[in-house]
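Worksheet: the structure to be examined is printed underneath.
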Amino acid sequence: MHTTIRVGERLLELRKLDLVPGALRPVLRDAAKEVFTHSRLALVHAHVIIEIRDDIPNPRVEERSLKKHRAHILLPSSLFAADEQHLSQQLRNSLNHEFAHLWHNDISPSLKRALESARRLKKGLEKEKLRFLQAYRQSTMSPERAMHLLDKRSIRSLLHRFFIECHIEGIAEYCENTLRGLDLFKSDVHAVLRAEARETAMTANLALANAITFGEIDVRVFKRVYDKAPYVIGHHMVFTLLLKEYTLEEVVKMNYHEFVKAYERVCKHIGERPLVSLTSGKGILDYKEMLKRWRSAFSQKS
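Residue 853 is where the sequence shown starts when you use our numbering, and the numbers rise one by one after that.
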C-alpha cells in the first residue's frame, strides 16, 4: 500500500503502509508531512520516499537510491509497536534524524567522499573475507582466527570510520534533539551532554583496550562501542562547537579532521579537557594513541 502526499512543489511518498496498523497510519502521515515540510531538506529534495520494512532494526537512509532530487528513508516496522502517543514523537525524532543525514550529505563534499570511501572499504572487506574463508577451508585456520586476521588488516580504517561517525551522527543527533527544545538552556544542556559523553568515552576506551587479546582484536566488542558511542560523543562535540563562534552550517561543511580539531580548540578556549582528539593525546579517545596501542598489540606473539 502506497500513499503520495504533495507538499507545495514536492512529493512525499509513503510505501508499504500495509506493515503499519491501520489506526497508526494517520499518525505516520501527519508526522512525516510535518517533518518534511519544516526540514532543511525540503529545499533540496523534490521527492522523498519513506518505506516501512520488516527486515531492518533501525531507521536509516537508503544510500543506493540517494539522488540530487530524490531520497529514500527506511523505517523498521517494529517502530510501530509503540502506543499512539509515544509513536508520534518517536516518528518525528527518527525522521528528523534521517533528514539531517540527507541534508548533511547534500551540502558537504567531504562527507560524500567519506561515504564513497566507506562503500569501497566495505566492498573490499567483503572480498577479503571471502578470500579468508576460502583459505580456512583449505587449511586448519579457524573461522574466528580468519576474522581476527581480517580485522587486523582493517584496523586503521575502523578507527578512521569511528571518528567520521562522531561527526555524522553528532550532527543528526543535534538536529533531532534541537527540535525537541533541548537547546533552550545551553549551559545546562552542555553540562548534561558532556557528562554523558565523558562516561561513554571512558567506557568505550576500556572496552576497546580489552578487545585486544594475544595480538588479536574481537570485532564484536568494537561493534558494541561503534553502535552507541558516536551518537553520544558526537552530539556533545557538535553542541560544544555551537557554544562559540561556529554555526551549524559551518560544522556540517567541515571534514571530520577539521571537526575534531575545531572541537579541541573550543575545549581549550572554555577550559575543558577534550573527550576526543586526533594526535594531541589530550582526549580520552585519541586517534593516534588508539592506533599505536592496537598496532603494538597486533605485533605481540600469542
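Note that the Cβ used here is the ideal one computed from N, Cα and C, for glycine as well.
* To do: Please say whether Lys1105 and Ser960 have beta carbons closer to each other than 7 Å?
  => Yes, the pair counts as a contact, with Cβ atoms nearer than the cut-off.
* Asked: Along the chain, where does the beta strand (DSSP E) that runs through Ala923 open and close?
  -> Residues Arg922 to Pro928.
* Segment contact, 8 Å Cβ cut-off, at least three pairs: the region 932 to 941 with the region 1006 to 1018 -> They do not touch, by the three-pair rule.
* **Those residues which DSSP pairs with Val1128 across a bridge** => Val1128 pairs with Leu1137.
* To do: For Ala1059, I'd like the list of residues in its chain whose CB is within less than 6 Å of its CB, leaving aside the five on either flank, ordered along the chain.
  => So the list reads Val1073 and Val1077, once near-sequence residues are dropped.
* Asked: So what does DSSP say about Ile959, is it helix, strand or coil?
  -> In this structure, DSSP gives Ile959 a helical state, which the three-state scheme calls helix.
* Asked: Leaving out five residues before and five after Lys1113 in sequence, what residues of the same chain have Cβ atoms less than 8 Å from its Cβ?
  -> Here the set comprises Leu1130.
* Using a threshold of 7 Å, state whether the C-beta atoms of Val1090 and Gly1022 are closer than that. => Yes, Cβ-Cβ distance for Val1090 and Gly1022 is below 7 Å.
* Helix, strand or coil for Glu1017, going by three-state DSSP, please let me know. => Correct three-state label for Glu1017: helix.
* **As assigned by DSSP and simplified to three states, the class of Val887** => Three-state DSSP puts Val887 in a helix.
* Identity of the residues DSSP links to Val900 by a beta bridge -> Looking at the DSSP assignment, Val900 forms a beta bridge with Leu864 and Ala923.
* Asked: If we ignore side chains and look at the alpha-carbon of each, how far apart do Lys1140 and Ser1132 end up?
  -> Using only the alpha carbons, I get a separation of about 8 Å.
* Sub-7 Å separation of Gly1126 and Glu1110 beta-carbons -> The residue asked about is misnamed: residue 1126 is Pro in this sequence, not Gly. For the 7 Å CB-CB criterion, Pro1126 and Glu1110 do not form a contact.
* **Expected contact under 8 Å - CB spacing of Pro911 and Ile901 to nearest Å** => So it is not a contact: roughly 13 Å between Cβ atoms.
* Asked: Leaving out five residues before and five after Leu876 in sequence, what residues of the same chain have Cβ atoms less than 8 Å from its Cβ?
  -> Once the five neighbours on either side are set aside, the close Cβ partners of Leu876 are Phe932, Glu936 and Leu939.
* Evaluate Ala894 with the Cβ neighbour count: other Cβ atoms within 10 Å of its Cβ, from every protein chain shown; 16 or more gives buried, anything less gives exposed. => A caution first: Ala894 carries a pLDDT of 49, below 50, which makes its placement in the model unreliable, though a value can still be read off. Under a 10 Å Cβ-count criterion, Ala894 is classified as buried, with 16 or more other Cβ atoms of the shown protein chains found around its own Cβ.
* With a cut-off of 8 Å on the beta carbons, I'd call Ile904 and Val872 a contact; round off their distance for me. => About 6 Å separates the beta carbon of Ile904 from that of Val872, a gap short enough to meet the 8 Å contact definition.
* Asked: Quick one: does Leu1130 have its CB under 7 Å from some CB of chain D?
  -> Here there is only one protein chain, and chain D is not present.
* Have a look at Gly1123, Ala884 and Leu1137 and flag the residue whose alpha-carbon is nearest the alpha-carbon of Val859. => For Val859, the nearest C-alpha among the options comes from Ala884.
* Asked: CB-CB under 7 Å to Val1084, same chain, minus the five flanking residues each way: which ones, in chain order?
  -> Excluding sequence neighbours, Val1084 sits near Glu1048, Ala1049 and Thr1052.
* Which residues in the same chain have their Cβ closer than 7 Å to the Cβ of Gly1135, if we skip the five residues on either side of it in sequence? -> Answer for Gly1135: Pro1126, Leu1127, Val1128 and Ser1129, listed in chain order.
* Look up Trp1146 in the DSSP assignment and say whether it is helix, strand or coil. => In the three-state reduction of the DSSP assignment, Trp1146 falls in the helix class, which pools H, G and I.
* **Enclosing alpha helix (DSSP H) for Thr1052 [first to last residue]** => Unbroken alpha helix (DSSP H) run through Thr1052: Lys1038 to Asn1062.
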